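Anchor point for the sequence shown: position 10 equals 10 in the UniProt record's numbering, and the numbering is continuous, going up by one each time. For each residue, glycine too, the CB sits at the ideal point set by N, CA and C. Quantities reported herein were computed from a predicted structural model and do not represent experimental measurements. See structure below.
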Amino acid sequence: MKDTTTSEDDSNLLVIIVDTNPFVWSAAPLPLNDALCQILLFINAHLSLKHDNKLAVIASHVGVSKFLYPITDDSEIKSIAKESRGTKDANVYPNFKIVNDQVTAGLKKLFKDVDTPQAYQDKARYETDRKGSSHNFPLSAGTSMISGSLSMALCYINRITKSDDLGRIKPRILAISVSPDSAFQYIPIMNCIFSAQKSSIPVDVCKVFGEDTVFLQQAAHITSGIYLKVEDPQSLLQYLMFTFLPDRYSRNYLCLPGQDQVDFRAACFCHKRIIDIGYVCSVCLSIFCDFSPVCSTCKTKFPIPGKTVGMIRSRSNVGTPKPVSASTPTSMS
(Lines of atoms letter the chains of each structure in order from A and count residues from 1; the text may use other names and numbers.)
(Lines give C-alpha, C1' and ligand atoms only; values in the text may rest on other atoms or scores of the structure.)
Protein backbone atom coordinates (compact mmCIF):
# COMPACT_ATOMS: atom_id res chain seq x y z
CA MET A 1 0.00 0.00 0.00
CA LYS A 2 1.36 3.38 -1.01
CA ASP A 3 2.15 5.79 1.81
CA THR A 4 0.60 9.05 0.61
CA THR A 5 1.64 10.94 3.73
CA THR A 6 5.30 11.01 2.72
CA SER A 7 7.13 13.25 0.30
CA GLU A 8 10.47 13.20 -1.46
CA ASP A 9 11.56 16.28 0.50
CA ASP A 10 10.87 14.78 3.91
CA SER A 11 13.56 14.44 6.53
CA ASN A 12 13.91 10.87 7.75
CA LEU A 13 14.42 9.97 11.39
CA LEU A 14 15.78 6.46 11.86
CA VAL A 15 15.86 5.00 15.38
CA ILE A 16 17.96 1.84 15.49
CA ILE A 17 17.56 -0.62 18.37
CA VAL A 18 20.60 -2.88 18.60
CA ASP A 19 20.23 -6.08 20.61
CA THR A 20 23.47 -6.32 22.60
CA ASN A 21 22.67 -9.43 24.64
CA PRO A 22 26.16 -10.91 25.23
CA PHE A 23 24.84 -14.39 26.03
CA VAL A 24 23.23 -14.77 22.61
CA TRP A 25 25.98 -13.02 20.65
CA SER A 26 28.52 -15.43 22.13
CA ALA A 27 26.75 -18.27 20.30
CA ALA A 28 26.09 -16.36 17.07
CA PRO A 29 28.04 -17.15 13.89
CA LEU A 30 28.80 -13.42 13.58
CA PRO A 31 30.77 -11.77 16.43
CA LEU A 32 29.31 -8.61 17.91
CA ASN A 33 32.38 -6.56 16.92
CA ASP A 34 31.99 -7.51 13.26
CA ALA A 35 28.25 -6.86 13.39
CA LEU A 36 28.87 -3.43 14.90
CA CYS A 37 31.24 -2.48 12.07
CA GLN A 38 28.61 -3.38 9.51
CA ILE A 39 25.89 -1.54 11.42
CA LEU A 40 28.06 1.61 11.55
CA LEU A 41 28.52 1.45 7.79
CA PHE A 42 24.76 1.23 7.40
CA ILE A 43 24.35 4.24 9.71
CA ASN A 44 26.81 6.26 7.62
CA ALA A 45 24.90 5.33 4.48
CA HIS A 46 21.64 6.56 6.03
CA LEU A 47 23.18 9.90 6.99
CA SER A 48 24.70 10.35 3.55
CA LEU A 49 21.41 9.91 1.69
CA LYS A 50 20.15 13.35 2.69
CA HIS A 51 21.76 16.23 4.54
CA ASP A 52 18.90 16.56 7.04
CA ASN A 53 18.47 12.88 7.88
CA LYS A 54 18.38 12.22 11.61
CA LEU A 55 19.49 9.25 13.67
CA ALA A 56 19.23 7.70 17.11
CA VAL A 57 20.79 4.46 18.36
CA ILE A 58 19.53 2.56 21.41
CA ALA A 59 21.18 -0.49 22.98
CA SER A 60 18.80 -3.21 24.13
CA HIS A 61 20.96 -4.84 26.76
CA VAL A 62 20.25 -7.41 29.46
CA GLY A 63 17.94 -5.73 31.94
CA VAL A 64 18.62 -2.19 30.71
CA SER A 65 18.18 0.06 27.66
CA LYS A 66 20.51 2.96 26.92
CA PHE A 67 20.95 5.64 24.29
CA LEU A 68 24.21 5.25 22.41
CA TYR A 69 23.53 8.21 20.12
CA PRO A 70 22.81 11.06 20.56
CA ILE A 71 24.46 11.66 23.92
CA THR A 72 23.18 14.65 25.90
CA ASP A 73 25.74 14.61 28.70
CA ASP A 74 28.27 17.39 27.94
CA SER A 75 30.99 15.86 30.10
CA GLU A 76 30.63 12.52 28.35
CA ILE A 77 30.74 14.19 24.93
CA LYS A 78 33.95 16.03 25.87
CA SER A 79 35.47 12.81 27.18
CA ILE A 80 34.72 10.97 23.92
CA ALA A 81 36.05 13.86 21.83
CA LYS A 82 39.24 13.92 23.90
CA GLU A 83 39.82 10.21 23.41
CA SER A 84 39.29 10.43 19.64
CA ARG A 85 41.67 13.34 19.04
CA GLY A 86 44.62 11.05 18.56
CA THR A 87 42.81 9.01 15.90
CA LYS A 88 41.99 11.78 13.43
CA ASP A 89 41.76 10.72 9.81
CA ALA A 90 41.56 13.25 6.99
CA ASN A 91 39.71 10.74 4.84
CA VAL A 92 36.81 10.38 7.30
CA TYR A 93 33.76 12.64 7.12
CA PRO A 94 33.60 14.47 10.50
CA ASN A 95 29.89 13.76 11.07
CA PHE A 96 30.45 10.05 10.48
CA LYS A 97 33.32 10.03 12.95
CA ILE A 98 31.24 11.71 15.66
CA VAL A 99 28.49 9.10 15.35
CA ASN A 100 30.93 6.18 15.19
CA ASP A 101 32.89 7.39 18.23
CA GLN A 102 29.79 7.95 20.35
CA VAL A 103 28.22 4.59 19.50
CA THR A 104 31.48 2.70 20.09
CA ALA A 105 32.23 4.53 23.33
CA GLY A 106 28.68 4.01 24.54
CA LEU A 107 28.88 0.27 23.96
CA LYS A 108 32.22 0.03 25.73
CA LYS A 109 30.82 1.87 28.72
CA LEU A 110 27.68 -0.26 28.68
CA PHE A 111 29.61 -3.52 28.86
CA LYS A 112 32.01 -2.08 31.41
CA ASP A 113 29.75 -0.25 33.85
CA VAL A 114 26.40 -2.03 33.78
CA ASP A 115 26.08 -4.91 36.21
CA THR A 116 24.30 -7.41 33.97
CA PRO A 117 21.39 -8.84 35.96
CA GLN A 118 20.80 -12.55 35.94
CA ALA A 119 17.22 -12.69 34.72
CA TYR A 120 16.90 -16.43 35.34
CA GLN A 121 18.09 -16.93 38.87
CA ASP A 122 14.64 -18.22 39.67
CA LYS A 123 14.47 -21.82 38.45
CA ALA A 124 10.69 -21.79 38.05
CA ARG A 125 10.75 -18.59 35.99
CA TYR A 126 13.46 -20.02 33.75
CA GLU A 127 11.49 -23.18 33.08
CA THR A 128 8.36 -21.14 32.31
CA ASP A 129 10.12 -18.86 29.85
CA ARG A 130 12.06 -21.72 28.27
CA LYS A 131 8.87 -23.66 27.55
CA GLY A 132 7.30 -20.57 26.04
CA SER A 133 10.23 -20.06 23.69
CA SER A 134 11.49 -22.19 20.84
CA HIS A 135 15.11 -21.34 21.66
CA ASN A 136 16.97 -23.10 24.45
CA PHE A 137 19.50 -20.99 26.26
CA PRO A 138 21.51 -21.53 29.46
CA LEU A 139 20.18 -20.84 32.92
CA SER A 140 22.51 -17.85 33.31
CA ALA A 141 21.21 -16.16 30.17
CA GLY A 142 19.20 -12.97 30.53
CA THR A 143 16.67 -11.30 28.30
CA SER A 144 17.14 -8.12 26.33
CA MET A 145 14.97 -5.16 27.29
CA ILE A 146 13.32 -4.80 23.89
CA SER A 147 10.16 -3.39 25.47
CA GLY A 148 12.12 -0.65 27.22
CA SER A 149 14.02 0.14 24.02
CA LEU A 150 10.79 0.46 22.04
CA SER A 151 9.38 2.78 24.70
CA MET A 152 12.48 4.96 24.60
CA ALA A 153 12.36 5.06 20.81
CA LEU A 154 8.71 6.14 20.76
CA CYS A 155 9.33 8.82 23.39
CA TYR A 156 12.31 10.18 21.44
CA ILE A 157 10.33 10.20 18.20
CA ASN A 158 7.46 12.03 19.89
CA ARG A 159 9.83 14.72 21.22
CA ILE A 160 11.49 15.24 17.83
CA THR A 161 8.27 15.31 15.82
CA LYS A 162 6.61 17.73 18.28
CA SER A 163 9.38 20.23 17.63
CA ASP A 164 8.85 19.93 13.86
CA ASP A 165 6.30 22.63 13.02
CA LEU A 166 6.20 21.76 9.31
CA GLY A 167 5.65 18.04 9.88
CA ARG A 168 8.47 17.08 7.52
CA ILE A 169 10.16 14.55 9.80
CA LYS A 170 9.09 11.00 9.00
CA PRO A 171 10.22 8.52 11.68
CA ARG A 172 10.72 4.78 11.59
CA ILE A 173 12.20 2.18 13.94
CA LEU A 174 14.64 -0.59 13.02
CA ALA A 175 15.19 -3.39 15.55
CA ILE A 176 18.29 -5.53 14.98
CA SER A 177 17.42 -8.58 17.05
CA VAL A 178 19.21 -11.76 18.12
CA SER A 179 17.45 -12.70 21.36
CA PRO A 180 14.43 -15.01 21.65
CA ASP A 181 11.01 -13.83 22.80
CA SER A 182 10.49 -13.03 26.45
CA ALA A 183 6.91 -13.77 27.45
CA PHE A 184 7.33 -11.54 30.51
CA GLN A 185 7.57 -8.50 28.20
CA TYR A 186 4.49 -9.34 26.13
CA ILE A 187 2.19 -6.66 27.56
CA PRO A 188 4.61 -3.70 27.31
CA ILE A 189 5.72 -4.80 23.83
CA MET A 190 2.12 -4.90 22.58
CA ASN A 191 1.47 -1.49 24.13
CA CYS A 192 4.44 -0.11 22.18
CA ILE A 193 3.25 -1.80 18.98
CA PHE A 194 -0.21 -0.26 19.18
CA SER A 195 1.26 3.14 20.05
CA ALA A 196 3.50 2.96 16.97
CA GLN A 197 0.54 1.93 14.84
CA LYS A 198 -1.55 4.85 16.09
CA SER A 199 1.31 7.26 15.35
CA SER A 200 1.94 5.71 11.89
CA ILE A 201 5.49 4.70 12.80
CA PRO A 202 6.64 1.56 10.94
CA VAL A 203 8.71 -0.92 12.97
CA ASP A 204 11.24 -2.85 10.87
CA VAL A 205 12.87 -5.99 12.25
CA CYS A 206 16.14 -7.56 11.15
CA LYS A 207 16.47 -10.98 12.78
CA VAL A 208 20.18 -11.76 12.61
CA PHE A 209 20.36 -15.05 14.47
CA GLY A 210 18.11 -17.62 16.09
CA GLU A 211 14.47 -18.54 15.68
CA ASP A 212 11.82 -16.10 14.53
CA THR A 213 10.45 -13.82 17.23
CA VAL A 214 6.67 -13.95 17.58
CA PHE A 215 6.24 -10.49 19.08
CA LEU A 216 8.50 -8.66 16.64
CA GLN A 217 6.80 -10.42 13.74
CA GLN A 218 3.53 -8.96 14.97
CA ALA A 219 5.16 -5.55 15.42
CA ALA A 220 6.28 -5.44 11.78
CA HIS A 221 2.93 -6.70 10.50
CA ILE A 222 0.73 -4.37 12.57
CA THR A 223 2.78 -1.24 11.86
CA SER A 224 3.29 -2.02 8.12
CA GLY A 225 7.01 -2.52 8.61
CA ILE A 226 9.45 -5.08 7.20
CA TYR A 227 10.42 -8.31 8.93
CA LEU A 228 13.49 -10.05 7.55
CA LYS A 229 15.37 -13.06 8.86
CA VAL A 230 19.01 -13.02 7.77
CA GLU A 231 20.04 -16.30 6.19
CA ASP A 232 23.78 -15.48 6.12
CA PRO A 233 24.79 -13.34 9.15
CA GLN A 234 28.21 -12.66 7.59
CA SER A 235 26.40 -10.63 4.91
CA LEU A 236 24.49 -8.51 7.40
CA LEU A 237 25.51 -5.25 5.72
CA GLN A 238 24.08 -6.37 2.39
CA TYR A 239 20.71 -7.14 3.98
CA LEU A 240 20.68 -3.77 5.77
CA MET A 241 21.59 -1.77 2.68
CA PHE A 242 19.19 -3.41 0.25
CA THR A 243 16.21 -3.85 2.57
CA PHE A 244 16.27 -1.25 5.34
CA LEU A 245 18.14 1.70 3.81
CA PRO A 246 15.28 3.03 1.59
CA ASP A 247 13.17 5.63 3.36
CA ARG A 248 9.40 5.58 3.68
CA TYR A 249 8.85 7.52 0.46
CA SER A 250 11.14 5.31 -1.63
CA ARG A 251 9.38 2.17 -0.41
CA ASN A 252 6.34 3.15 -2.45
CA TYR A 253 8.28 2.32 -5.61
CA LEU A 254 10.29 -0.71 -4.46
CA CYS A 255 9.43 -4.38 -4.12
CA LEU A 256 10.69 -5.19 -0.64
CA PRO A 257 10.52 -8.50 1.27
CA GLY A 258 7.25 -9.33 2.96
CA GLN A 259 5.95 -11.93 5.41
CA ASP A 260 4.24 -14.98 3.94
CA GLN A 261 3.07 -16.12 7.35
CA VAL A 262 2.77 -14.23 10.63
CA ASP A 263 2.75 -15.95 14.00
CA PHE A 264 -0.08 -14.34 16.00
CA ARG A 265 0.38 -16.35 19.16
CA ALA A 266 0.15 -14.50 22.46
CA ALA A 267 1.55 -14.91 25.96
CA CYS A 268 -0.84 -15.79 28.75
CA PHE A 269 -1.15 -13.37 31.64
CA CYS A 270 -1.10 -16.10 34.29
CA HIS A 271 2.03 -18.15 33.57
CA LYS A 272 3.71 -15.96 30.91
CA ARG A 273 3.78 -18.74 28.35
CA ILE A 274 3.36 -18.37 24.59
CA ILE A 275 0.20 -20.33 23.82
CA ASP A 276 -1.74 -21.46 20.74
CA ILE A 277 -5.20 -21.68 22.35
CA GLY A 278 -6.34 -19.87 25.46
CA TYR A 279 -9.19 -18.16 27.29
CA VAL A 280 -9.82 -14.44 26.80
CA CYS A 281 -11.63 -12.28 29.33
CA SER A 282 -14.56 -10.58 27.57
CA VAL A 283 -14.20 -7.50 29.77
CA CYS A 284 -10.49 -6.59 29.82
CA LEU A 285 -9.26 -8.97 27.06
CA SER A 286 -6.70 -10.64 29.34
CA ILE A 287 -5.42 -13.98 28.03
CA PHE A 288 -5.14 -17.14 30.14
CA CYS A 289 -3.93 -20.63 29.31
CA ASP A 290 -6.44 -22.31 31.69
CA PHE A 291 -10.00 -21.44 32.60
CA SER A 292 -10.48 -19.43 35.77
CA PRO A 293 -13.88 -18.46 37.22
CA VAL A 294 -12.47 -15.08 38.22
CA CYS A 295 -10.31 -12.90 35.97
CA SER A 296 -7.13 -12.07 37.87
CA THR A 297 -6.82 -8.74 36.03
CA CYS A 298 -10.25 -7.10 36.33
CA LYS A 299 -11.78 -9.49 38.93
CA THR A 300 -14.79 -10.26 36.72
CA LYS A 301 -16.63 -13.46 37.69
CA PHE A 302 -17.67 -16.00 35.06
CA PRO A 303 -19.88 -19.11 35.21
CA ILE A 304 -18.20 -22.50 35.15
CA PRO A 305 -18.06 -24.13 31.68
CA GLY A 306 -20.62 -26.93 31.23
CA LYS A 307 -23.24 -25.29 33.45
CA THR A 308 -24.22 -22.55 31.06
CA VAL A 309 -26.34 -24.80 28.82
CA GLY A 310 -29.52 -23.09 27.78
CA MET A 311 -31.37 -26.37 27.16
CA ILE A 312 -31.27 -29.58 29.17
CA ARG A 313 -32.95 -32.88 28.57
CA SER A 314 -35.44 -34.27 31.04
CA ARG A 315 -34.67 -37.83 31.99
CA SER A 316 -37.80 -38.40 34.07
CA ASN A 317 -39.65 -40.29 31.30
CA VAL A 318 -38.62 -43.62 29.87
CA GLY A 319 -39.50 -42.65 26.30
CA THR A 320 -37.84 -40.08 24.11
CA PRO A 321 -36.52 -37.24 26.27
CA LYS A 322 -38.08 -33.85 25.73
CA PRO A 323 -36.10 -30.61 25.78
CA VAL A 324 -36.85 -28.43 28.77
CA SER A 325 -35.64 -24.87 29.01
CA ALA A 326 -33.46 -24.06 31.96
CA SER A 327 -32.42 -20.70 33.25
CA THR A 328 -28.79 -19.75 33.01
CA PRO A 329 -27.09 -20.09 36.39
CA THR A 330 -25.85 -17.00 38.06
CA SER A 331 -22.19 -16.14 38.30
CA MET A 332 -20.16 -17.65 41.05
CA SER A 333 -20.01 -15.59 44.18
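Looking only at its chain, what residues have a beta carbon closer than 8 Å to the beta carbon of residue i, apart from the 5 residues adjacent to it on each side?
i    : result
L245 : F42, A45, H46 and L49
T72  : none
P22  : L32, V62, F111 and T116
M152 : I58, S65 and F67
Are the beta-carbon atoms belonging to residue i and residue j less than 8 Å from one another?
i    : j    : result
K66  : L110 : yes
I58  : V103 : no
P70  : A81  : no
D19  : I176 : yes
F249 : S11  : Per the sequence shown, the amino acid found at residue 249 is Tyr instead of Phe. No. Outside cutoff.
L254 : Q38  : no
K207 : K229 : yes
H221 : V283 : no
T213 : I193 : no
R168 : D3   : no
L36  : L107 : yes
H61  : S163 : no
Q259 : Q218 : no
P293 : K301 : yes
Who pairs with residue i in a beta bridge, going by DSSP?
i    : result
I169 : S11
V280 : I287
V205 : A175 and Y227
I16  : V57 and L174
A183 : Looking at the DSSP assignment, A183 forms no beta bridge with any residue, so it has no partner.
V294 : K301
I275 : A266
Assuming residue i and residue j form a contact by the criterion Cβ under 8 Å, report the distance between their Cβ atoms to the nearest whole angstrom.
i    : j    : result
I226 : P180 : At roughly 20 Å, the Cβ-Cβ gap does not stay under 8 Å, so I226 and P180 are not in contact.
I189 : S147 : 5 Å
P303 : P29  : Incorrect: roughly 53 Å between the Cβ atoms, too far for contact.
L40  : N100 : 5 Å
From which residue to which residue does the alpha helix (DSSP H) around residue i run?
i    : result
F96  : P94 to D113
S48  : L32 to L49
Y249 : It is not in any alpha helix (DSSP H) - Y249 carries neither H nor E in the DSSP assignment.
A219 : V214 to I222
V24  : P22 to W25
Q259 : Looking at the DSSP string, Q259 is not in any alpha helix (DSSP H), and its letter there is neither H nor E.
Q238 : L236 to Y239
Beta strand (DSSP E) containing residue i: first to last residue?
i    : result
L55  : K54 to S60
Y156 : Looking at the DSSP string, Y156 is not in any beta strand (DSSP E); the run it does join, the alpha helix (DSSP H), is I146 to K162.
Y69  : S65 to Y69
With a CB to CB cut of under 7 Å and the five nearest residues on each side skipped, what residues in its chain are close to residue i?
i    : result
I157 : L13, V15, P171 and I201
I287 : A266, C268, F269, G278 and V280
N252 : K2 and D3
Report all residues from its chain with a CB closer than 6 Å to the CB of residue i; omit the five preceding and five following residues, and keep chain order.
i    : result
L240 : F42
S195 : L154
C281 : C295
V24  : V178 and S179
K54  : L13
Q185 : S147
D122 : In this predicted model, D122 has a pLDDT of only 39, less than 50, meaning its place in the structure is not dependable enough to derive any value.
F96  : N44
L68  : V57, A59, V103 and G106
D204 : L174, G225, I226 and F244
T161 : I169
T5   : none
F215 : D181 and I189
I275 : C268 and C289
Y93  : none
S235 : none
D165 : none
E83  : none
M332 : Annotation note: pLDDT 40 at M332 (below 50); position unreliable, no value reported.
Give a yes or no on whether 8 Å exceeds the smallest Cβ distance from residue i to chain D.
i    : result
M145 : Among the chains of the structure shown, chain D does not appear; only one protein chain is present.
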